[in-house]
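Chain order of the listed sequences is A and B. Just so you know, we're using this note's numbering here: the first sequence kicks off at 1 and counts up by one. Just so you know, we're using this note's numbering here: the second sequence kicks off at 1 and counts up by one. In this text, a Cβ means the ideal position worked out from N, Cα and C, and glycines have one as well. Okay, so here's the structure we're looking at.
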Amino acid sequence: MVEIQGVSKSFQKILKDGTTEVKALADVHLSIRENEFISIIGPSGCGKTTLLKIIDGLIPHDSGKILIGGKQVTAPGPDRAVVFQTFALLPWRTVLANVEFSLELRRVAKEERTSIARDYLKRVGLEDFELHYPHELSGGMQQRAGLARALAVNPLILLMDEPFGSVDAQTRQLLQEELLQLWQREQKTVIFITHSMDEAVYLSDRVVVMTPRPGRVAEILDVPLARPRIADDVRRDPKFVDLTNYIWDSLKKAMENGH
Amino acid sequence: MNSQFRINVISIVTLAILWEIAGRTLDSVLIPPLSQIGSAWLRLLISGKLLSNLVMSLGTLAAGFFLAVILGIIVGLLMGRFREVEHFLDLYINALMSAPMTAFVPVLILWFGLGVESRIAVVFLFAVFVIVINTMTGVKQVDRTFLEMARSFGAKETEVFYKIILPAAMPAIMAGVRLGMGRAVKGMVTAEMLLTLTGIGAMIMQYGSAFATDALFAVILTILIVAMITMKLVQLLDQRLTGWKAEIAIE
């Protein structure tokens with residue numbers, strides 16, 4: 001489905017004494033299956049978000065290839081949609097108009113886009129808040145709206161950039177469960193960036209551990225937990241505990257090697 | 001809101017009473033009592049002199065301000081959007097922003113003569129730079145993730161402009177328009193006093209040199225009221241365009 005073949009990326013950093021090159025990603029290889037839920041975890045600044053933006057086609061990469069369904073990625077496309085860490089809801093639009101935004105850009109007619117947007121707001125449990133403005137909602141509700149906006153265009157691949165990173169712990173667990181239920185119904189490929197080991201293991205089929213900058217794939221781990229996963233049971237499952245511990249060790253090792 | 005209005009009224013009434021007392025006890029030529037100013041104002045109003053001059057002044061104000069808003073927003077948008085345009089112009093804009101505009105009046109007389117064009121030019125120059133700078137700042141401060149989000153959902157550059165940059169910058173643009181309105185009124189009176197004696201400005205000069213202080217104050221009060229009304233109009237427009245922002249401010 002998604003083939004990442006030897007992708008590298010450097011940034012020009014402008015300092016007082018001239019520019020230096022910062023290597024963000026070095027030779028990243030990853031192959032993602034259709035309808036797979038895959039998490040990418042790594043220390044801050046390891047280029048996880050950069051990788052996601054490259055997959056989305058928002059920023060160009062220096063070398064290597066990204067293939068989606070065999071076609072090379074050069075720009076954002078209708079087969080992908082992003083859920084942003086900071087929600088990125090437009091404050092001058094109501095929740096409904098925010099969800100319609102993605103459909104507006106895809107030239108969906110007014111009536112159709114309202115009915116699609118309403119449908120997705122219902123699926124994320126926001127049907128009673130469609131005329132509210134984003135600042136009137138809690139962080140968790142705002143991210144539900146962000147998720148509805150991404151789902152509304154019916155993408156094959158959902159790119160999630162630490163989507164629950166800025167909501168409180170309880171809301172985060174609720175959102176994780178809701179996301180899993182949605183994913184099971186919608187059947188989409190999800191690429192999920194996180195720095196929470198718990199979150200990665202609970203949600204994913206596979207967890208990709210990345211090294212510190214320049215980011216590369218340190219390890220790819222299968223999550224041996226049956227679905228559907230009940231949050232409370234899963235978190236007590238020894239396999240869950242073992243795997244999170246293993247990822248923690250792996251991250252520590254990657255960080256030590258990187259310095 | 002309600003208590004603010006009440007205090008406003010108390011403030012005005014207090015000032016009016018103090019003024020009346022001062023006028024009656026002190027020199028009534030220098031500080032005419034409010035009642036005398038009021039009757040002078042009525043006299044000017046009935047004779048039609050105040051209204052005809054006011055209409056003339058407001059015409060100049062509207063023309064100059066309209067041009068300043070249109071041009072100021074266009075230039076500000078370009079400067080905010082394109083770094084090259086910004087660096088090409090910001091030197092002059094910043095210099096002119098804080099320069100005393102009255103110094104340009106003789107130049108404008110040379111360029112445009114003594115007619116209405118010169119007065120419109122003065123109003124324009126007074127108002128335009130603050131609109132440019134606020135618009136530019138507004139555009140530059142647009143949250144980058146909004147731009148990224150729009151591009152990610154496939155927005156073309158024109159769509160990014162109309163659907164993200166313009167609405168996001170609107171509060172700053174309207175702040176510039178509000179400040180520009182205040183400066184435009186100053187420009188109007190300045191032009192009518194320094195350029196050609198016409199309109200409201202001419203009345204001020206005329207009554208001032210004739211020591212007709214009651215009529216002079218009547219005209220000045222009229223200017224204050226006009227300034228307040230125009231500011232209120234801009235504020236209403238602002239609320240219409242950026243109501244979402246006002247709601248945030250209340251919270």
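Counting every other CB atom within 10 Å of its CB across the protein chains shown gives A:D62 a total below 16, marking it as exposed. Take the alpha-carbon of B:K156 and the one of B:A62: they are about 36 Å apart.
Under the three-state reduction of DSSP, B:T102 is assigned to helix.
If you draw a straight line from the Cα of B:V29 to the Cα of B:I204, it comes to about 15 Å.
At a cut-off of 8 Å, the C-beta of A:D79 has no neighbouring C-beta in chain B. Pairing B:T222 with B:M170 gives a Cβ-Cβ distance that is not under 8 Å. Against chain B, a Cβ distance below 7 Å from A:A88 picks out T145, F146, M149. In summary, A:A81 is buried, with 16 or more beta-carbon neighbours lying within 10 Å of its beta-carbon over all protein chains present. Here B:I164 has V142, F146, L147, A150 as same chain residues with Cβ atoms under 7 Å from its own Cβ, once five neighbours each way along the sequence are excluded. Along the segment 154 to 169 of chain B, going in chain order, the ones with a CB nearer than 9 Å to a CB of chain A are G154, A155, K156, E159, K163, I164, P167, A168. Taking C-beta atoms as the reference points, B:I131 and B:I93 fail to come closer than 8 Å.
C-alpha of B:M79 to C-alpha of B:A99: approximately 20 Å in a straight line.
When DSSP assignments are scanned along the segment 27 to 80 of chain A, the uninterrupted stretches of beta strand (DSSP E) that are 3 or more residues long and fall wholly within it turn out to be 37 to 41, 63 to 68.
If you look at A:I14, you'll find it isn't in any alpha helix (DSSP H); it sits in the beta strand (DSSP E) that goes 2 to 15. Within chain B, no residue has its beta carbon less than 8 Å from that of A:Y120; the closest one is some 14 Å off.
If you draw a 10 Å sphere on the C-beta of B:F88, you find fewer than 16 other C-beta atoms in it, and that means exposed. Distances from the alpha-carbon of B:G64 to those of B:L114, B:R183, B:T196 put B:R183 closest. Following the DSSP letters along the chain, one finds B:E20 inside the alpha helix (DSSP H) bounded by residues 2 to 25. Distances from the CA of A:K65 to each of A:P212, A:H29, A:N98, A:K253 were compared; the closest alpha carbon is that of A:H29. In the structure shown, B:F65 falls within a helical segment according to DSSP collapsed to helix, strand and coil. Per the C-alpha coordinates, the member of A:D119, A:P155, A:T50, A:R172 positioned closest to A:M141 is A:R172. At least one beta carbon of chain B lies nearer than 8 Å to the beta carbon of A:S102. Chain-order list of chain B residues neighbouring A:V82: E148, M149, S152, F153, by C-beta distance under 9 Å. Taking A:A145 as reference, the option from A:S102, A:G6, A:Q72 with the minimal CA-CA separation is A:S102. The beta-bridge partner set that DSSP reports for A:R206 consists of A:I38, A:D222. For A:K239, DSSP assigns no beta-bridge partner whatsoever. Of all residues in the segment 45 to 62 of chain A, those with a C-beta nearer than 7 Å to a C-beta of chain B are D56, L58, reading in chain order.
Contact residues of the segment 219 to 244 of chain B toward chain A are T242, W244 (C-beta to C-beta distance below 8 Å). At a cut-off of 8 Å between C-beta atoms, A:P91 counts as an interface residue with respect to chain B. Put simply, the backbone Cα of A:G69 is about 8 Å away from that of A:E3. If only uninterrupted alpha helix (DSSP H) runs of at least 4 residues are considered, those enclosed by the segment 151 to 235 of chain B are 166 to 194, 199 to 209. Residues of chain B whose Cβ lies closer than 8 Å to the Cβ of A:P76 are, in chain order, R151, S152, F153, G154.
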